[in-house]
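Enquirer: Numbering-wise, the sequence shown is residues 473 to 1093 according to my numbering.
From the three backbone atoms N, C-alpha and C, an ideal C-beta is built for every residue, glycine too.
Note that the coordinates shown come from a computational prediction; the quantities given were computed from them, not determined experimentally.
Here it is, the structure in full.
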Amino acid sequence: MESALTNATSQTNFTTIDWVIVVVYLLLSVGIAFFVKRYAGNMTNFVSAGRAVGTWLGIATLTGTEMGLITVMYSAQKGFTSGFAAFHIGVIAGIVAFLIGVTGFIVVRLREHEVLTIPEYYEKRFGRRTRILGGIMLAFGGLLNMGLFLKVGAMFIVGITGMVPDSVAVNTVMVVLLALVLVYTVIGGMISVVITDYIQFVILSVGILVTGWLAIDFVGWDNLFKTVRTYKGEAGFNPVAAESGFGWEYVGWMFFLGIVNCALWPTAVARALAMESTTALKRQYTWSSISFAIRMIIPNLLGICAFVFVMNKAPDLQAVFFPEEADVKAVDNLYAMPIFLGRILPAGLIGLITAAMIAAFMSTHDGYLLCWSTVITQDIIAPLFKERLDNPTRIKITRILIVLIGLYILYWGLFYTGEEDIWDYMAVTGAIYFTGAFSLLFGGLYWHRASSTGAVLALMAGITAVIGLGPVQQAVHNWIPGSIAEQTITATYEKTIEFEAFKEPDEVEESPVRDMVVDFVMTPFEQAKPWRFNGLKSWTAVVQNAAGQTQAVEIRTSDPDAVTVSAWPEDFEPQVGDTVSIYKPLSGARVGLMTIGFTLFVFILGSLIFPDRKQKEATNE
């Protein structure tokens, strides 16, 4: 399969002239950082560009940061796997951004407090301990969230340029990209970030529009709808259709994520806090609502075009991404869109598009690196020193942290083994922070009885979102409701394992509590029990051998005494006597919604039971 993928990537139109275009652009970006270095002399300038960013520059830097290569890649992946049904994500994002622009929900009040970071507001409202804990949770969730940015960006470049798609090529590109971003972020801070974001916004906007038009023209507009309907049916158009992979639960989750992306996510809020006035801030979000929708819809279209190309015009790619053999694992579909562009775009133009995509990558990374390093400096380290750190020291610490965070994401990209869609991975990791942050910001800004104890408890409750990650679920799978544990393997046949009988999950007696709460968790498991019509398809089997080694694989088919898995790794072969436990993975949307409800409940209850002293005195009076 690796040789097939290598052959697929090698059929690209990328030439020497394209490499020249890419290199020139990268050198230009680094040059900007050195040029603006003189203006980054204090922390306010370094972090928020002196709070002097106007409306149109604010729109450009907000869009430039939020429309990164990671956005293009995960949106294209959703289009490739889900068709036009994925459009609802972008539409919802645009609607929510517009509403926040009109109302100023959360962001205007934060701007009025004149803080540099969200945890800084925590201290003003709830005290120093809340700021420090909030900074820790923000940094933890944020760093996990951007952990795969670098790897995904490298996969795009490898796929479109025709490099051999092995670990050596991907890792080398990761190192080069990281070095470039670190140089101009460390040197120039927010000023260089804003300026390069503006340039990248212009390049990326033109590049993505041209690419979208060429892709649609190549596969044919009519062919888009025909192919999606043929292979995906109604599920390719309707996000709440039974087989869409979304559903109403997922749509609701997207509405909340729309609020998060605009009003809670620090990289976006950092741009809001850098605006020259609240009026400019509102205009920034109102007009950016268009780009918030387009930034996901056009990449969705690119992914759909890649799917149409694979299914109709590239049998070699169809064999790579949709293998017919049960024992052959499909290649990561993140490669589909860049390979497609590499084949259809002409030499010269493909270099411009690649430069635009690298621009998108850099505009996201610089903002994120600066954001998380600033949070750690301003909201964790500085409060521990009781604000005794001067500006030069803070800038120096922030620059060191930018480098350390960069090294971390390089490490994470090399070793993380989760197989979630990138968009779902980001939503889950981000939820570790923003589920608690929503309670603190919404409650702190709009509810006078919110207390510091309630805030601390809500922040800690947000950690429960980590259960949405695949490797975490594999580690605690026996605790997931409905799981089937400790089956003993009695026979093995290639990809099939047999055992005497399934052990049923414990039955839960009917009750009002179950009807209102427990069913929300249990329903997906109950409808997939082996004696039901759909068997254990899409469940996960975790095999443990006599040596204590474990291996998790997805189940393709099942019957009452056997399961057939997608593919065993080459270095793992189950044996008679090994044990297998089986569970239905919790969706990221379900985990996210549950965590939101849990943190809000904890926040309200904690605030009511443990009011702050001033609130208690006022109540007594």
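Hey, how far is the Cα of residue 513 from the Cα of residue 864?
Expert: Reliability fails at residue 513, whose pLDDT of 46 lies under 50, so the model's placement of it is uncertain and no value is given.
Enquirer: Tell me, which residues are paired with residue 1031 by DSSP?
Expert: 1034, per the DSSP bridge assignment.
Enquirer: Looking at C-alpha atoms only, which residue of 943, 813, 889, 680 is the closest neighbour of residue 782?
Expert: Out of 943, 813, 889, 680, 813 has the C-alpha closest to the C-alpha of residue 782.
Enquirer: Please confirm whether residue 572 and residue 757 have their CB atoms less than 8 Å apart.
Expert: Result yes, Cβ atoms of residue 572 and residue 757 sit closer than 8 Å.
Enquirer: With residue 945 as the anchor, note down where its beta strand (DSSP E) starts and where it stops.
Expert: Note, residue 945: premise wrong, no beta strand (DSSP E); alpha helix (DSSP H) at 942-947.
Enquirer: Please look up how many angstroms separate the CB atoms of residue 1025 and residue 1010, rounded, as I've assumed it's under 8 Å.
Expert: Between residue 1010 and residue 1025 the Cβ distance is about 12 Å, and since that is not below 8 Å, they are no contact.
Enquirer: Could you pull the start and end residues of the alpha helix (DSSP H) that residue 1071 belongs to?
Expert: From DSSP, the alpha helix (DSSP H) with residue 1071 extends over 1060-1081.
Enquirer: If I measure Cβ to Cβ from residue 934 and keep anything under 8 Å in the same chain, skipping five residues before and after, which residues do I get?
Expert: Contacts found: 609, 613, 903, 904, 905, 906, 907, 908, 909, 1067, 1071.
Enquirer: By Cβ distance, which residues of its chain are closer than 8 Å to residue 1065, with the 5 residues on each side in sequence left out?
Expert: If we look at residue 1065 and ignore the five residues flanking it on each side, its Cβ neighbours are 721, 724, 725, 728.
Enquirer: Give the straight-line distance between the Cα atoms of residue 841 and residue 968, rounded to the nearest whole angstrom.
Expert: Spanning the two alpha carbons is a distance of roughly 46 Å.
Enquirer: Out of 544, 1045, 911, point me to the one whose CA is closest to residue 736's CA.
Expert: Among 544, 1045, 911, the Cα nearest to that of residue 736 is on 911.
Enquirer: Between the beta-carbon of residue 826 and the beta-carbon of residue 576, is there less than 8 Å?
Expert: Not a contact, by the Cβ cut-off of 8 Å.
Enquirer: So, for residue 810: in the same chain, excluding its five sequence neighbours on each side, which residues have a beta-carbon less than 6 Å away from its beta-carbon?
Expert: Same-chain partners within the cutoff: 628, 631, 632.
Enquirer: How long is the line joining the alpha carbons of residue 918 and residue 856, rounded to whole angstroms?
Expert: So the two alpha carbons sit approximately 28 Å from each other.
Enquirer: Is the beta carbon of residue 616 closer than 8 Å to that of residue 877?
Expert: No.
Enquirer: Can you tell me whether residue 1098 is buried or exposed? The criterion is at least 16 other CB atoms within 10 Å of its CB, across all chains shown.
Expert: This structure does not reach residue 1098, given that the chain is present from 473 up to 1093, and the question cannot be answered.
Enquirer: Return the Cβ separation of residue 557 and residue 718 in integer angstroms, given the expectation that the two are a contact with Cβ distance under 8 Å.
Expert: Contact holds; Cβ gap of about 6 Å.
Enquirer: Could you tell me which of 1054, 1061, 963, 1080 sits nearest to residue 1046, measuring between CA atoms?
Expert: The shortest Cα separation from residue 1046 among 1054, 1061, 963, 1080 belongs to 963.
Enquirer: Taking the beta strand (DSSP E) that residue 964 falls in, what are its first and last residues?
Expert: Looking at the DSSP string, the run of the beta strand (DSSP E) that includes residue 964 is 963-965.
Enquirer: On the DSSP bridge assignment, give the partners of residue 1014 in chain order.
Expert: Paired residues: 1024, 1053.
Enquirer: Using only the alpha-carbon positions, how far apart do residue 846 and residue 869 sit?
Expert: One C-alpha to the other measures close to 9 Å.
Enquirer: Give the DSSP bridge partners of residue 970, in chain order.
Expert: Its beta-bridge partners are 963, 1034.
Enquirer: Would residue 579 pass as a contact of residue 742 if the rule is Cβ separation under 8 Å?
Expert: Their beta carbons are not under 8 Å apart, which means residue 579 does not touch residue 742 by this criterion.
Enquirer: Taking Cβ to Cβ, would you say residue 478 is nearer than 8 Å to residue 642?
Expert: No, they are not a contact pair.
Enquirer: Would you check if there are 3 or more beta carbon pairs closer than 8 Å linking the stretch 874-888 to the stretch 772-782?
Expert: These segments do not touch.
Enquirer: Would you check if the stretch 828-839 and the stretch 542-560 touch, i.e. whether three or more CB-CB distances between them fall below 8 Å?
Expert: Result yes; three or more Cβ-Cβ pairs closer than 8 Å.
Enquirer: Residue 790 to residue 482, Cα distance in whole Å?
Expert: For residue 790 and residue 482, the distance between alpha carbons rounds to 16 Å.
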